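Visitor:
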Amino acid sequence: MTPAPVISKLLPHLYLHMRKITPVECRRYCIKNRHQCIKDITTWAQEHFKKPLSVTTVRRYICKCKLKLYYAKKKPFINNTQKRRRVRWARAHLRWTDAKWKSVLWSDESTCQIVFGNCRRRVLRTKEEKNHPNCYRRKVQKPASVMVWGCISAQGMGNLHICEGTIDAERYIQVLEQHML
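Residue 7 in the UniProt record's numbering sits at position 7 of the sequence shown, with consecutive numbering throughout.
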């Protein structure tokens, strides 16, 4: 009787039928469900292929599919209207001179928050798909927290101001008058 490795070399089509799962279906499912953990993918594979599969086996097939678990990059959701406005603004200011840019004061406010739970979410992707829109972890809203305001210009940085409560237009003007460079 011939050993199994020799048979697999002589009859490759038989060896394909001995596979537990097909890499093509595994890859298709993983790309469609990028944000699922390995345990959920293993559960799907066991139900879909009707075979007992371990997490290690599924992880091995995911590697064969040239996919790897990476931490999902955080990126705020920007809709098409916001994208068009940003492009319009960039085109309108494309020909500004250095002197004109030096007269600009850039200000921004931000919230500082304490986040509980699993902040770092993993996603299944290839190395080349680093900036693919489906590989981001979307963030739409933030919980209430402390708000800070700061500014920078060509002359340097301004002070960081801690704002209590909500900021409306009137309060924002007060902050600008008190804390601008």
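In this text, a Cβ means the ideal position worked out from N, Cα and C, and glycines have one as well. Remember, it's a predicted structure, so these values are computed and weren't measured experimentally.
Smallest Cα separation from Asn80: which of His179, Lys73, Arg88?
Guide: Checking every option, the nearest Cα to that of Asn80 belongs to Arg88.
Visitor: Report the residue from Ala154, Lys127, Gln82 whose alpha carbon sits nearest the alpha carbon of Trp106.
Guide: Considering only alpha carbons, the answer is Ala154.
Visitor: At what residues does the beta strand (DSSP E) containing Ile173 begin and finish?
Guide: That residue, Ile173, is in no beta strand (DSSP E); its alpha helix (DSSP H) goes 169-179.
Visitor: Residue range of the alpha helix (DSSP H) that Glu25 falls in?
Guide: Looking at the DSSP string, the run of the alpha helix (DSSP H) that includes Glu25 is 23-32.
Visitor: Expressed to the nearest angstrom, what Euclidean distance is found between the alpha-carbon atoms of Ala169 and Ala90?
Guide: Near 25 Å, if we compare the C-alpha coordinates of Ala90 and Ala169.
Visitor: Taking C-alpha atoms, which residue in Thr43, Cys65, Thr97, Glu47 lies nearest to Val55?
Guide: Here the closest residue by C-alpha is Thr43.
Visitor: Does DSSP classify Lys102 as helix, strand or coil?
Guide: Of the three classes helix, strand and coil, the one that applies to Lys102 here is helix, per DSSP.
Visitor: Which first and last residues belong to the alpha helix (DSSP H) in which Lys83 is found?
Guide: That run of the alpha helix (DSSP H) goes 80-92.
Visitor: Going by DSSP in three states, Thr111 sits in which element: helix, strand or coil?
Guide: Note: Thr111 maps to strand in three-state DSSP.
Visitor: Expressed to the nearest angstrom, what Euclidean distance is found between the alpha-carbon atoms of Leu124 and Ile173?
Guide: Going by the C-alpha atoms only, they are around 46 Å apart.
Visitor: Which residue from Phe49, Cys163, Gln82, Gln36 puts its Cα closest to that of Thr22?
Guide: Comparing Cα-Cα distances from Thr22 to each of Phe49, Cys163, Gln82, Gln36, the minimum goes to Phe49.
Visitor: Identify, in the order they occur along the chain, each residue of the same chain with its Cβ nearer than 8 Å to the Cβ of Phe132, setting aside the five sequence neighbours on each side.
Guide: At residue 132 the sequence reads His, which differs from the Phe that was named. Closer than 8 Å at the Cβ level, and outside the excluded window around His132, lie Arg125.
Visitor: Which one or two residues does DSSP pair with Leu69 in a beta bridge?
Guide: For Leu69, which the question treats as bridged, DSSP gives the partners Leu124.
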